[in-house]
Amino acid sequence: MIDITSWMNDYLAQVDKVFGERVLFVGLQGSYGRDEATETSDIDVVLILDKLSAEDIAFYDKLLDTLSNRDLICGFLSGQNEIMNWEPSDLFQFYHDTKPIKGSLDELLSLIDSDAIDRAIKIGVCSIYHGCVHNMLHDKNDEILRGLYKSASFVVQAICFKITGRYIESQKELLEVARVSERDIVSTFLDLKTGGDVDFQPMSEMLFNWCKAWINKT
C-alpha cells in the first residue's frame, strides 16, 4: 500500500516549488484522510490557492504527472474566493471529511449554519432518490447502487450531526448512534463496503423508501 506520509511529502515539495506562498491549504479526503485506505484507494488531495486560473490548472496537471501513483490521484482544486462563496450545503461534508495537512479550513465554519445542514440533507436525499429510481428503471447496475449507499451514508452523517451536534467519522460508530430509520442504511453500506453481495431489488427498494420518507418529511 502507498506510504501516504512519504507521498504527501513529495506532493508538498512539488506544490511549494510550483505555487510557493500562494498555497493556502492542503488536505486529504476519503480513505487516506480517514486512515482506512486499501491497495486500490484513491488519493483524494485538496489544494486551495490564493486564486485559481486556467493556467494554474494546467500547471497543476503537469505537477501531478510528476508524482507516483498518478492514476490514483483525484481530489479538489480551488481558489480562495470560490471556496468562500461556495454553496454552504456542500461545505458541511467538505469541511468534516478533509484532514488538514497544511493550513486550516476553519474559516468555512461560519458558513455552515443549521440551514446549510438542512439543505445538505434535503439535496442529498433528493439526489439519491433520483439516482435510485433511474438505476431501478434503466441501468440496473450493482456498482451504481453501491455508490448510492455510500452517498446515503454521508447524508446520515449530516442527520446525526443535526441531532447530536457531533460529526461522527467512523461508520461503525455511526451505526451505534443513528436512529432506527437510518441504521439499515448504514448497516447495508458497511456490508457492501466490506465486499458484501448486492441484492439489487430489496436494497434498491429500501434506499428508495428511505429517501422518499425523508423528502416528504422535510
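Just so we're on the same page, our numbering is the position in the sequence shown counted from 1, plus 47.
Backbone N, C-alpha and C define an ideal beta-carbon position, used for all residues, glycine too.
> Taking Ala-199 as the reference, which of Asp-186, Trp-261, Glu-154 and Asp-108 has the closest Cα?
Replying inline: Trp-261
> Tell me the DSSP bridge mates of Ile-90?
Replying inline: Ile-120
> Can you tell me whether Ala-167 is buried or exposed, with buried defined as 16 or more other CB within 10 angstroms of its CB?
Replying inline: Burial call: buried.
>> Taking only three categories from DSSP, how would you classify Leu-354?
In response: The structure shown does not extend to residue 354, since the chain spans only 48 to 265, so no value can be given for it.
> Rounded to a whole number of angstroms, what is the C-alpha to C-alpha distance between Glu-229 and Lys-64?
Replying inline: Across the structure, Glu-229 and Lys-64 are spaced so that their CA atoms are roughly 46 Å apart.
>> Among Lys-259, Gly-77 and Thr-241, whose alpha-carbon lies nearest the alpha-carbon of Val-180?
In response: When only C-alpha atoms are compared, the closest one is Lys-259.
> Out of curiosity, what's the CA-to-CA distance linking Tyr-176 and Ala-60?
Replying inline: The alpha-carbon atoms of Tyr-176 and Ala-60 are separated by roughly 43 Å.
> What is the rounded straight-line gap between the Cα of Leu-152 and the Cα of Leu-94?
Replying inline: Going by C-alpha positions, Leu-152 is about 11 Å away from Leu-94.
> With Ile-90 and Leu-119 assumed to form a contact (beta carbons below 8 Å), what rounded beta-carbon distance in angstroms separates them?
Replying inline: 5 Å
> When the distance is taken between beta carbons, is Leu-138 closer than 8 Å to Leu-155?
Replying inline: yes
> Rounded C-beta distance between Val-233 and Gln-218? I'm assuming under 8 Å.
Replying inline: 6 Å
>> Which residue wins for smallest C-alpha separation from Cys-207, given the options Ala-101, Ser-157, Leu-239 and Leu-222?
In response: Leu-222
> Opposite Leu-30 in the DSSP bridges: which residues?
Replying inline: Nothing can be reported for residue 30: it is not among the residues displayed for the chain, which extend from 48 to 265.
>> Using a Cβ-Cβ cutoff of less than 6 Å, which residues in the same chain neighbour Met-48 once the five nearest sequence positions on both sides are dropped?
In response: Glu-86
> Between Ile-170 and the rest of its own chain, which residues show a CB-CB distance below 8 Å, the 5 nearest in sequence each way excluded?
Replying inline: Ser-136
> Under the DSSP definition of a beta bridge, which residues are partnered with Val-70?
Replying inline: Leu-96
> Under three-state DSSP, which class holds Ser-217?
Replying inline: Correct three-state label for Ser-217: coil.
> Hey, how far is the Cα of Gly-126 from the Cα of Phe-106?
Replying inline: 14 Å
> Per DSSP, what kind of secondary structure is Ser-115 in: helix, strand or coil?
Replying inline: coil
> What did DSSP end up calling Ser-151 once you bin it into helix, strand or coil?
Replying inline: coil
> When the Cα atoms are used, what is the spatial distance from Ser-161 to Ala-205?
Replying inline: 10 Å
> Should Gly-243 be labelled buried (16 or more other beta-carbon atoms within 10 Å of its own) or exposed?
Replying inline: exposed
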